[in-house]
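Working notes, structure below.
In our numbering, the protein residues as written are 380 to 1050.
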């Protein structure tokens, strides 16, 4: 055993029995590097990473290679999901070296933590040769390494605002500019298979939310068709678990066919929100079905008894990628009997297999309506059969060896999942979704909230650890704002405001008008970064800009709204040139092309009115509600139920319409 045995991260624990003398990141290892005057080898990965497992088997479990590592380096293992601050720094460093970055990430540092070389996966012979070369260079050419390390450190420590020219500009946002963003994005779309025209393909929910909001704001039929096309292609592809629900992390091909089989909480949380929102606008039943099946997957396989959600399921089981999810036709015959051929036609199963080694990845090419017509079977009968097939194969699959689970609970990803549950409840009115949401909110407020007012990043086995990052605060604030607006329970809004004030005190940079990724009271590293660009998860700054916008309207806090406007204005140049990496900013841009509707519902039926309002897609609104007038929230002050009827007040920018009593009248005012 090495020092990782004391850690809680499943990824670190996977390496606790390596012959490599691994340390977790911390003062003990860093001091040892300084004292012994040795270079540091930082190896970064995560538990569901396939090539991380491969490199461990080939190199880190080799006694000969471990001896070289232990003799010449202080070896540190990092779980990128626990320490994204370190991961961000050293990913940037490897990219600055002109090298491809990814995971596993292996970076060589001077004893003062400054990087001088790195890379990703190395085959064992190449790895061993590299170790020898690095050790020799450190001994014989240290001055050159120090110069390189200083240069790379200077680059990664540079301000993102200056590096990308994010200058302050006027807070003027027009639909014509949003159209320019859409046209630039549209040129990158894959018109044959959906998604962005490249491979591998990641779901990238923020891009499709931008398309959804643009289609709504502009009434652009082409944008709506592109959105529908991509969401259907993803739902029909092998990237979606056709039997158990939920999405894999990405597709290795351009057709959404062959997934990299790991399933991450953060993907599924965002995709639940996306498909629920898309259903609300389009009323496409497929989108509702996908959102509901994905929730069923997360609740069934990733939820703990306290209401928190685990991080991920591995791609591998029994040492083989995807083994848990693939099928051979001969086994399907045993399970499905006379329905086998119909099933195989529906999911494109071949006798010889449609994937490697005679295996099949299930995927669809036809809608249920198209398939029923082609096979001359009543639609209702087909859908009953599909439900039966899924139940049978879920039961059979449960007998297989399950993929490994990363059972740490991450605050940011739970915030995303809480938002997904709230969005699904808001649109589908399924009460169990609200129950799960409340339980998750209680978990976050009780288990990862400190008595000093800050959040913890990670929770496992009753212990919360590591001071949270901006993405943790941003995701939880966003979810709590949403949860208030379906429950009208002010404790959630108060909690969101409290966390927002904390971020303004400990993360906000007054000079550059953006938020740092790390808390000012956290460990000091060689660089303090700002997360600006949206990726598979939206940038924490873009989520905070959304939060400050909506919270500012809800609380009539002009300071919050002003900060949000300034943040968005700084991003305008990027938005107009490359929306692909700023799509969540783009959503906020579209919201800012019109004023946000302020809706207050007062009276006995305030909850029923709220539910009825949510039948209609109107994303640019906040909603407050109470049985009677209240002094707690500004938007509820001096508002009463008129004529003993539940009354709806619609305002824009503090200018109010006449009070009305029906949802239809309120919607007309909002339009």
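Even for Gly, the Cβ is constructed at its ideal location relative to N, Cα and C.
This structure is a prediction, so every number in the text was calculated from the model and none was measured.
*asked:* Quick check: does the Cβ of residue 564 come within less than 7 Å of any heavy atom belonging to the ligand MG?
replied: Absence of the ligand MG is noted for the structure shown, with no ligands found whatsoever.
*Backbone CA spacing between residue 683 and residue 821 [nearest angstrom]*: 13 Å
*In the DSSP assignment, find the beta strand (DSSP E) that holds residue 359 and state where it starts and stops.*
An answer regarding residue 359 cannot be provided, because it is not within the stretch 380 to 1050 covered by the chain.
*Kindly confirm or deny that the stretch 664 to 681 and the stretch 788 to 805 touch, where touching means at least three C-beta pairs closer than 8 Å.*
In this structure the stretch 664 to 681 touches the stretch 788 to 805; the number of beta carbon pairs closer than 8 Å is three or more.
*asked:* For the pair the stretch 986 to 993 and the stretch 1042 to 1049, tell me if three or more CB-CB distances fall below 8 Å.
replied: yes
*asked:* Count Cβ pairs between the stretch 459 to 475 and the stretch 905 to 912 that sit closer than 8 Å; are there 3 or more?
replied: They touch, by the three-pair rule.
*Touching or not, the stretch 581 to 596 and the stretch 955 to 969, by the rule of three or more beta carbon pairs under 8 Å?*
yes
_Distance between residue 816 and residue 708 (C-alpha atoms, nearest Å)_ = 39 Å
*Which residues bound the alpha helix (DSSP H) around residue 619?*
First-last for residue 619: undefined, no H or E at that position.
*Can you tell me which of the three DSSP states residue 834 falls into?*
strand
*Would you report the Cα separation of residue 454 and residue 400, rounded to the nearest angstrom?*
7 Å
*State the beta-bridge partners of residue 978 as determined by DSSP.*
1002, 1029
*Between the stretch 968 to 985 and the stretch 1023 to 1042, do three or more beta carbon pairs fall short of 8 Å?*
As far as the Cβ criterion goes, the stretch 968 to 985 touches the stretch 1023 to 1042, which means the pair count is three or higher.
*Which residues mark the beginning and the end of the beta strand (DSSP E) in which residue 932 is found?*
Looking at the DSSP string, residue 932 is not in any beta strand (DSSP E); the run it does join, the alpha helix (DSSP H), is 919 to 933.
*Rounded to a whole number of angstroms, what is the C-alpha to C-alpha distance between residue 974 and residue 510?*
59 Å
*Considering only residues of the same chain and omitting the five flanking positions on each side of residue 950, which have a CB-CB separation below 7 Å?*
545, 961, 964
*Straight-line Cα distance separating residue 561 from residue 481*: 29 Å
*Apply the 10 Å Cβ neighbour rule to residue 553 and answer buried if 16 or more other Cβ atoms are within range, or exposed otherwise.*
exposed
*Answer yes or no: do residue 458 and residue 425 have a C-beta to C-beta separation smaller than 8 Å?*
yes
_Buried versus exposed call for residue 790 [16 or more other C-beta atoms within 10 Å across all chains shown]_ = buried
*Cβ contact (3+ pairs, closer than 8 Å) linking the stretch 878 to 898 and the stretch 534 to 551*: yes
*Is residue 620 near residue 689, with beta carbons less than 8 Å apart?*
Not a contact, by the Cβ cut-off of 8 Å.
_residue 667 (DSSP reduced to helix, strand or coil)_ = helix
*Quick one: using the 10 Å Cβ neighbour count with 16 as the cut-off for buried, is residue 920 buried or exposed?*
buried
*asked:* Which residues does DSSP list as the beta-bridge partners of residue 494?
replied: 488
*Using a Cβ-Cβ cut-off of 8 Å (strictly less than) and excluding sequence neighbours within five positions of residue 1016, which residues of its own chain qualify?*
1008, 1009, 1010
*Expressed to the nearest angstrom, what Euclidean distance is found between the alpha-carbon atoms of residue 604 and residue 597?*
13 Å
*In whole angstroms, what is the alpha-carbon distance linking residue 774 and residue 697?*
Distance between the alpha carbons of residue 774 and residue 697 is about 19 Å.
*Could you check if residue 879 is buried or exposed, using at least 16 other CB atoms within 10 Å of its CB as the buried criterion?*
Looking at its Cβ environment, which holds 16 or more other Cβ atoms inside 10 Å, residue 879 is buried.
_Assigned exposure category for residue 976 - 16 Cβ within 10 Å defines buried_ = buried
*Of the choices 530, 476, 845, whose alpha-carbon is the least far from that of residue 404?*
845
*Do residue 798 and residue 843 come within 8 Å of each other at the CB atom, strictly closer than that value?*
no
*Going by other Cβ atoms of all chains shown within 10 Å of its Cβ, with 16 needed for buried, is residue 710 buried or exposed?*
exposed
*Please report the residue range of the beta strand (DSSP E) in which residue 424 lies.*
419 to 424
*Pick helix, strand or coil for residue 950, following the three-state DSSP scheme.*
coil
_residue 703 and residue 776 - do their beta-carbons sit closer together than 8 Å?_
yes
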